[in-house]
Every structure is written in structure tokens, then in C-alpha cells.
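In our numbering, the protein residues as written are 5 to 404.
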Amino acid sequence: MQVSRRVILLGSTGSIGQSTLDVLRHMRDLPELEFELVGLGAGTRGDELLKQAKEFGVRDISLADAEVASGLQFDGTLHAGAGSARDLVESIARPGDLVVAAIVGSAGIDAVMAAIDAGCDIALANKETLVAAGSIVMPRAAERGVHLIPVDSEHNAIYQCLRGCDSDKEIRRIVITASGGPFRGMDQETVRNATPEEALAHPTWDMGQKISIDSASMMNKALEVIEAHWLFGLSSDRIEVIVHPQSIVHSFVEYVDGSVLAQMGPPDMKTPIQYAMTWPHRMEGCSDRMDWESLQSLVFEQLDHDVFPPVKMAHEVIERGGTAGAVFNAANEVAVEAFLNRQILFGGIHDLVREALDGIPAQEVHSLADIEGADAAARALVRERIGELMNRPATMGENK
């Protein structure tokens, strides 16, 4: 068997992007694989982007930060600005290419849509694309006949466990595992007043800042619940979350006959990345193998929804439908940025997302413009609220 494919990597300088490049380096040594990296897209790290392009011989790149891009010297095609990832895809993508979508946040939606329209398969690491625009993305992917393979370890695990499943009628439920993050077992007051340094200290995964904060707040699990709803076509009552601090079992699928399939492995993103890139085949991996002798037990715990409310909010978002996902995601993005800038306390993230959901009614989605409008409205509401909080005296338990 010989696998030969062109790859476009969006979000190449981030955590997932760099792990993807590690996988590509590994696969250079596998005779049955031939992947050609033809495009790279990044956000602000121009120098790192140029190093990557030089190493892999890439002639087409994009950088979202136009100011940084203006100072780069690149002997090829450089797309710059807010829509540069989309421009890159539209300029070089061919039917059958693989686009690894690892841009953080809603900024990656239009590039994913462009890749689908070009007939590319998608290795999706950008969960926000489905959270905000799943009602558009999934039908478009089906219409174009492209495959959308999840890169998130949890959804990748479910995807693997569903191989051979002929119908969602065979599935009783899926269970997404959560490490519990750095605040597992802590009381509500301690968590609400946590610092950025504490929230960024994840016990098992090495990730970027935004996803680390989402993991600490359990917003990451909330986003994953919504993503799973769109990926696997399941109602919210068939998607559950359980805490598993070792991060060895990445998710479960429980079938109607009582059988439960789980995908297990060391907590290393290179495994789901490689699976998404080589699907439907399996190749020799570059991650550490399971050390069964050192694994004495597996621990599972119920999630404390009083301390971590986002997962229940996610079920509410699914039930509301329409633009609720776009509001939920945009509000969280702005709130996380404010927390990292020390403008609000950690507990303020949940509060602001709640205010956005309550303050902006869900509307039907007819086009990407509806998603963009809801996104903008949520960002404006949350930023206004942050300004109000910063301009009043702080009291115990408040945001600022």
C-alpha cells in the first residue's frame, strides 16, 4: 500500500501544528507513506513560520498578523491579514488534498469552509468551527463528499470506536473523558479566584494557552460535547462527560447491546493527529507505547457541575440550536482573553458566557453571515460587560 497526499497545515506554529510537523517528520521514514506539505498558515509567529517553510520546502504560506507579515522576506507566495488562511486554501487547494485545521478559535471557520468547497478532506483540530457553525459545516461537507476526521483526542477516540457501526441507532451513548484539569477536587471559591498561572498548569497535557484555560474551566469539555453532537449526530442526552485524571482512556462508546468500546493510549496528541492524517489506514506511530506494567488502576469520577457549570450549559446550547453555539463560543473567547489579561477572575469566564447566552436570543442559521452576526454580538456584549466590571470597585467574589 502506498499513501500519497498533499497537505495544507493551518495553525502551524501552535501546539497542534507543531505536533503535526513532528508526525510529518516521522512519516518521512515510512516507505508506504508520501505526504507533501504544500501550504502553511500561522497567526503571529512569522519567524517560526519561515523556519517551517524552509525546512519543508513550502512555497505558499499565510500569516494573519499583517504588520508582522510586512516585515518578512519570503521567496514565495505570502498571504497576509485576517482572511489569509482562507486565501491560502483558495489559492492552492485541490480536490483530495488534506487540510489540517488547527487554527484556534472562530478565526478558522472560513478557512475550513473554503477547504470543504475545494473538495479537501479535513483533519479538524479546531472544535470551534463545529461549535459555532456545525449546522452549516456538516451539510456542506456531506454535499461535497469530503471526510471530516476529528483530531481532538476524545472525538478521534469515538471516531475509532465507531468504525463498523452502521447506524446511530446502535449507539446508546458516548462518554467523553476529562482529566479534571488543574482544579480537580477543589472547592468553588478556590476555583473562582484562581490565577492565570494556576489555570495554565495542566497536569497531563501540554497545550496552548487558550485551550489550557478552557481545560481548567471545563469549557473545553463543553465545546467537545457540542462538537460531538455535530460530528456524530447524537442528541445532547446521549453525550456524557466523566472525569478520568490519568487521561489514558480518551472516550467510550456504549452500544445498545451493552457492549462498551474504549480507545486508550498515552496522552500524546501525535497519536490522534497521525490517525486523522493516515485514515483509513494505520501506520507505525511515533508516540510512546502503553506501559501496562506501570498502569495499576484507572480512576473515574463524576464531574462537579456546581464548580464547573459549562458542560450543562453546552447541553442547553444544543437544545437551543441556531446561533447559540456561536454566542457560546465567542463569549468564551473574549472572556478567556480578559482572564489572561487579568481583567476578570477565573469564575468570571463562566459568568460572562452565561450573560451572553441569556442576553442574546438564538436565531435560525441560514448562512455564515448569521453565524458572524451572532459572534459579533456576543463579543460586543461581553466586552461591554468587562468594561463595566473593571470600572467599579472590586468586592470579594466579584470579577474585578
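By construction, the Cβ of each residue, glycine as well, lies at the ideal position given by its N, Cα and C atoms. Here the structure is a predicted model, which is why all the values come from computation and not from measurement.
Next on the checklist: Would the region 259-269 count as touching the region 187-197 if we require 3 or more Cβ pairs under 8 Å?
Outcome noted: no
Checklist entry - By Cβ distance below 6 Å, which residues in the same chain neighbour residue 295 in space, the five residues on each side in sequence not counted? => result none
Next on the checklist: For a test of the three-state rule: what should DSSP assign to residue 64, helix, strand or coil?
Outcome noted: strand
Checklist entry - residue 154 lies in the beta strand (DSSP E); which residues open and close that run? => result 152-154
Next on the checklist: Quick test of your reading: residue 50 and residue 73, contact by CB under 8 Å. State the CB separation rounded to the nearest angstrom.
Outcome noted: 6 Å
Checklist entry - In three-state terms, what does DSSP make of residue 83? => result strand
Item to check | 8 Å contact criterion, which residue 298 and residue 181 should meet: CB distance rounded | outcome: That belief does not hold up - the Cβ atoms of residue 298 and residue 181 are roughly 19 Å apart, past 8 Å.
Next on the checklist: Report the CB separation of residue 112 from residue 133 in whole angstroms; it is logged as a contact under 8 Å.
Outcome noted: 6 Å
Checklist entry - Distance, Cα to Cα, residue 24 vs residue 396? => result Here the alpha carbons of residue 396 and residue 24 stand approximately 45 Å from one another.
Checklist entry - How far does the beta strand (DSSP E) with residue 125 in it reach, from first residue to last? => result 125-128
Checklist entry - By Cβ distance below 6 Å, which residues in the same chain neighbour residue 46 in space, the five residues on each side in sequence not counted? => result 16, 17, 53 and 67
Checklist entry - residue 382 to residue 142, Cα distance in whole Å? => result 23 Å
Item to check | Beta-bridge pairing of residue 246 - partner residues as DSSP gives them | outcome: 181
Next on the checklist: Taking 8 Å as the limit between beta carbons, can you name the residues of its chain near residue 372, skipping five residues before and five after?
Outcome noted: 113, 114, 117, 137 and 140
Next on the checklist: If you reduce the DSSP assignment to three classes, tell me which class residue 367 lands in.
Outcome noted: It is coil, neither helix nor strand.
Next on the checklist: I need the boundaries of the alpha helix (DSSP H) containing residue 381, first residue and last residue.
Outcome noted: In this chain, the alpha helix (DSSP H) harbouring residue 381 covers 372-394.
Checklist entry - According to DSSP, what are the bridge partners of residue 2? => result Residue 2 lies beyond the residue range present for the chain, which begins at 5 and ends at 404; the question has no answer from this structure.
Next on the checklist: Please return the same chain residues whose Cβ sits closer than 6 Å to the Cβ of residue 242, not counting the five positions on each side in sequence.
Outcome noted: Counting only Cβ-Cβ distances below 6 Å, and skipping sequence neighbours, we find 177.
Checklist entry - How is the beta strand (DSSP E) around residue 462 delimited, first residue to last? => result The chain is shown only over 5 to 404; residue 462 falls outside these bounds and no answer can be derived.
Checklist entry - What are the start and end residues of the beta strand (DSSP E) that includes residue 422? => result Summary: the structure shown does not reach residue 422, with the chain confined to residues 5 through 404, and so no result is reported for it.
Next on the checklist: Let's test the definition: count the other Cβ atoms within 10 Å of the Cβ of residue 333 and tell me whether it reaches 16, buried, or not, exposed.
Outcome noted: So residue 333 counts as buried.
Checklist entry - How would you label residue 346, buried or exposed, when you count the other beta carbons within 10 angstroms and need 16 or more for buried? => result exposed
Item to check | Neighbourhood of residue 166 by C-beta, 8 Å cutoff - its chain only, sequence neighbours within 5 removed | outcome: 175, 236 and 257
Checklist entry - Is residue 49 helix, strand or coil by DSSP? => result It is coil, neither helix nor strand.
Item to check | residue 102, enclosing alpha helix (DSSP H) - first and last residue | outcome: Element bounds for residue 102: not the alpha helix (DSSP H) but the beta strand (DSSP E), 102-105.
Checklist entry - What span of residues does the alpha helix (DSSP H) with residue 171 cover, start to end? => result According to the DSSP assignment, residue 171 belongs to no alpha helix (DSSP H), since it is labelled neither H nor E.
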